[in-house]
Amino acid sequence: MSVARINGFADMFEPESSVFTMMEEHCRAIFPTYGFHEVRIPILEYTDLFCRSIGQETDVVQKEMYTFPDGKGRLTSLRPEATAGIMRAYIAASLNSKEQVSRLYTFGPMFRHERPQKGRMRQFHQIDCELLGSASPLADADVISLLEQFITSLGIGRLTLRLNSLGCSECRPKYREALIAYLEKHESELCEDCQRRLHTNPLRVLDCKKDSQQDFMKDAPRILDYNCPECREHYETATGLLKDSGIAFVQDDHLVRGLDYYCRTTFELQSDDIGAQTAVAGGGRYDGLIKSLGGPDVPGVGFACGMERLALLMKSPDPKKPDFYTVSLDPSCYGLAYRVSRGLRLAGLTGELGYVSSSMKAAMRQAGKSGARYAIIIGSDELARNVCAVKNMDNGNQEEVAVENLASYISTKD
Ligand code: HAM
Numbered sequence: 034m035s036v037a038r039i040n041g042f043a044d045m046f047e048p049e050s051s052v053f054t055m056m057e058e059h060c061r062a063i064f065p066t067y068g069f070h071e072v073r074i075p076i077l078e079y080t081d082l083f084c085r086s087i088g089q090e091t092d093v094v095q096k097e098m099y100t101f102p103d104g105k106g107r108l109t110s111l112r113p114e115a116t117a118g119i120m121r122a123y124i125a126a127s128l129n130s131k132e133q134v135s136r137l138y139t140f141g142p143m144f145r146h147e148r149p150q151k152g153r154m155r156q157f158h159q160i161d162c163e164l165l166g167s168a169s170p171l172a173d174a175d176v177i178s179l180l181e182q183f184i185t186s187l188g189i190g191r192l193t194l195r196l197n198s199l200g201c202s203e204c205r206p207k208y209r210e211a212l213i214a215y216l217e218k219h220e221s222e223l224c225e226d227c228q229r230r231l232h233t234n235p236l237r238v239l240d241c242k243k244d245s246q247q248d249f250m251k252d253a254p255r256i257l258d259y260n261c262p263e264c265r266e267h268y269e270t271a272t273g274l275l276k277d278s279g280i281a282f283v284q285d286d287h288l289v290r291g292l293d294y295y296c297r298t299t300f301e302l303q304s305d306d307i308g309a310q311t312a313v314a315g316g317g318r319y320d321g322l323i324k325s326l327g328g329p330d331v332p333g334v335g336f337a338c339g340m341e342r343l344a345l346l347m348k349s350p351d352p353k354k355p356d357f358y359t360v361s362l363d364p365s366c367y368g369l370a371y372r373v374s375r376g377l378r379l380a381g382l383t384g385e386l387g388y389v390s391s392s393m394k395a396a397m398r399q400a401g402k403s404g405a406r407y408a409i410i411i412g413s414d415e416l417a418r419n420v421c422a423v424k425n426m427d428n429g430n431q432e433e434v435a436v437e438n439l440a441s442y443i444s445t446k447d
C-alpha cells in the first residue's frame, strides 16, 4: 500500500527549503533589532482558545480548523494562526507582571482546511510578531516599520500596504448598525454568504470578493467616518508617523480582516504578482483580546506574514559550493578519509565524505556531482605517507598535501 501526501500539505526540498531558511535568518537578524524575542508555542491547543479569540462567526473557526477530540473527549485544534497561542502563553507566564511591554515573535506551520490553490495551502507557514502592553500609536507604526524593513530585506518590491481603522467597542457598534441598515436595502443583491453574514458579521461584506465589487458598495458608509475622536486621533498619529518616514500606504475603507479580534489600526500587505491570494501579510491592533481570554487588560498589536506567499515573490539563493569531497580508493583508506573529513569540518569547512570506492572514475564522478571545489583523494600510497592528493575541480590541477596542512590549504585557496 502506498502512502500518499495529504492534499494541501507540501513536502519541501532545496531550493524552496533554503528560501524558507533565508526568511527565518532575516527574521532572526531583524526582529531583535526592534526588541523582539523569539517564543515557541504548541501547534495543538484546545479548540476553545481559537473560538474565543478568532471569533465564532469567522470562516477560520466555522469551516477551516482541523479539530479532533483528545483522549478525554476534549476538543483540540491544530493552530490556524499564532496570535491566540501567544496570548495564552503570555497570560500563563504572567509576562505583564514582569515587563511593561513584551515583544514576541515566532514562526512555524499553521493549518486551515481551505481549498488549496496557488499561495493557499492547508499547512502553511507564518512569521508572526506580537507587541503587547502598549496602546500607543507609536507601537502600531513600530510594527509596521518592522514589517516593511523585513520585507525589503528579502528583496521583495511592488507590494501595497493597505490600512484602515476598525474603531473600538464604543464606536464600531454604531458603524455596524449603519452598515446593516444600508446593506438591508440591497439584501437581495448580496451573495448567499453575505446574506447570512449581514446580521452576524456585516463588516465582512465589505471585503467579500463578489459583493465588494457591486456598484451600490461605493456609497456604503465608511468606518473612518464613524471612528470616535480617540480612535481618529490614534489612527491619524499612526499614519502620520508612517508618512513622515516615507512608508507608503493606501487608505482602504474595505479592509476589515477575517479575524474578529481587531480594533483600530488594521493593515495588509498585498501583491498583484501571486494570483488570487493577494495578501502576503496582515495584522493590526487587538486591545480587548487578552482580557477576553481571562488575562489582564493589556493592549496589543501585531502581524503575520505568509511564508509560502513571500516565497513566490523571492529568488532562490545561489547554492553554496561545498569546499571538499573526500574519496577513499579502497576500504583500507576509510579511516584516514573519515578523520580528514571530520577534521576539515571542525575547522569550519563544508564537504562530503564519499562512500563510493568501486573505482577512481566512479568516485570522481560523485565528487563532480557534489559541486565541491576540491576532491581529496586517498589511496594506499597516500595512506602510507599520511598525505592526500588534492584536485582543484575547477581547473583540474592536482597537488599532494600533508594531512596536517589540508585545512589551511583548502581555506586559503579560494
Ligand atoms: P491572517 O490574515 O489570517 O492573519 O494571515 C496572515 C497571513 O498568513 C496572510 O496574509 C497570508 O499571507 C498567510 N495565510 C493565511 N492563510 C493562508 C493559507 N491557507 N495558505 C497560505 N498562506 C496563508 C493572521 O493569521 C493573524 N494572526 C495576524 C496577526 C498577528 N494579527 C495580529 N497579530
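Position 27 (the sequence shown) corresponds to 60 in my numbering; numbering is contiguous. A virtual CB, placed ideally from N, CA and C, is assigned to each residue, including glycine.
Residues near residue i in its chain [Cβ-Cβ closer than 6 Å; skip 5 each side]
i	result
residue 199	295, 296, 299
residue 440	377, 380
residue 100	80, 108, 110
residue 330	324
residue 236	289
residue 367	361
residue 261	203, 204
residue 332	168, 320
residue 334	164, 172, 173, 176, 318
residue 129	329, 331
Top-ranked residue by Cα proximity to residue i, from the options
i	options	result
residue 230	247, 249, 176, 209	209
residue 42	205, 154, 236	154
residue 288	194, 321, 252	194
residue 347	187, 90, 431	187
residue 389	258, 170, 371, 128	371
residue 302	66, 191, 50	191
residue 234	204, 292, 260	292
residue 430	415, 414, 408, 64	408
residue 87	244, 321, 444, 174	321
residue 400	412, 202, 384, 54	384
residue 444	392, 356, 336, 74	356
residue 76	364, 38, 119	119
residue 341	34, 56, 39, 37	56
residue 78	103, 65, 54, 63	103
residue 141	339, 364, 414	339
residue 45	312, 158, 375, 67	158
residue 363	375, 343, 395, 156	395
residue 343	365, 358, 305	305
residue 160	365, 54, 92, 268	54
residue 182	34, 39, 279, 40	279
residue 197	264, 313, 89	264
residue 242	201, 227, 314	227
residue 40	67, 149, 105, 425	149
residue 126	91, 89, 72, 60	72
Residues near residue i in its chain [Cβ-Cβ closer than 7 Å; skip 5 each side]
i	result
residue 97	113, 145, 146, 147
residue 83	94, 98, 110, 113, 117
residue 434	420, 421, 423, 442
residue 436	373, 419, 420, 421
residue 207	259
residue 69	136, 137, 138, 162
residue 255	286
residue 326	85, 86, 120, 121, 124
residue 392	none
Spatial neighbours of residue i in its chain, beta-carbon cut-off 8 Å, leaving aside the 5 residues before and after
i	result
residue 151	307, 308, 309, 310, 345
residue 427	406
residue 411	359, 360, 361, 362, 366, 369, 370, 373, 421, 422
Proximity test, Cβ basis, 8 Å: residue i and chain C
i	result
residue 154	Here there is only one protein chain, and chain C is not present.
Identity of the residues DSSP links to residue i by a beta bridge
i	result
residue 135	165
residue 140	160
residue 384	357
residue 412	Paired residues: none, contrary to the question.
residue 153	150
residue 102	108
residue 433	422
residue 303	193, 312
residue 283	195
residue 296	318
residue 460	Residue 460 lies beyond the residue range present for the chain, which begins at 34 and ends at 447; the question has no answer from this structure.
residue 70	137
Contact test: residue i Cβ vs ligand 3 heavy atom, cutoff 7 Å
i	result
residue 225	Absence of ligand 3 is noted for the structure shown, with ligand 1 being the only ligands found.
Inter-residue CB distance, residue i and residue j (contact presumed, cutoff 8 Å)
i	j	result
residue 180	residue 282	Actually they are not in contact, since the Cβ atoms of residue 180 and residue 282 sit about 11 Å apart, beyond 8 Å.
residue 386	residue 416	Contact doesn't hold; Cβ gap of about 15 Å is too wide.
residue 223	residue 244	6 Å
residue 115	residue 74	7 Å
Any 3 or more C-beta pairs closer than 8 Å across the region 398–409 and the region 347–358: Yes: the two stretches touch, three or more of their Cβ pairs being nearer than 8 Å.
Evaluate contact between the region 165–174 and the region 126–145, counting only Cβ atoms and requiring at least three cross-stretch pairs below 8 Å. The answer is yes - the region 126–145 touches the region 165–174, with three or more Cβ pairs under 8 Å.
Evaluate contact between the region 213–228 and the region 244–260, counting only Cβ atoms and requiring at least three cross-stretch pairs below 8 Å. Segments in contact, yes.
Given 8 Å as the limit, is there contact between the region 168–186 and the region 268–281, that is, 3 or more CB pairs closer than that? Yes, the region 168–186 touches the region 268–281.
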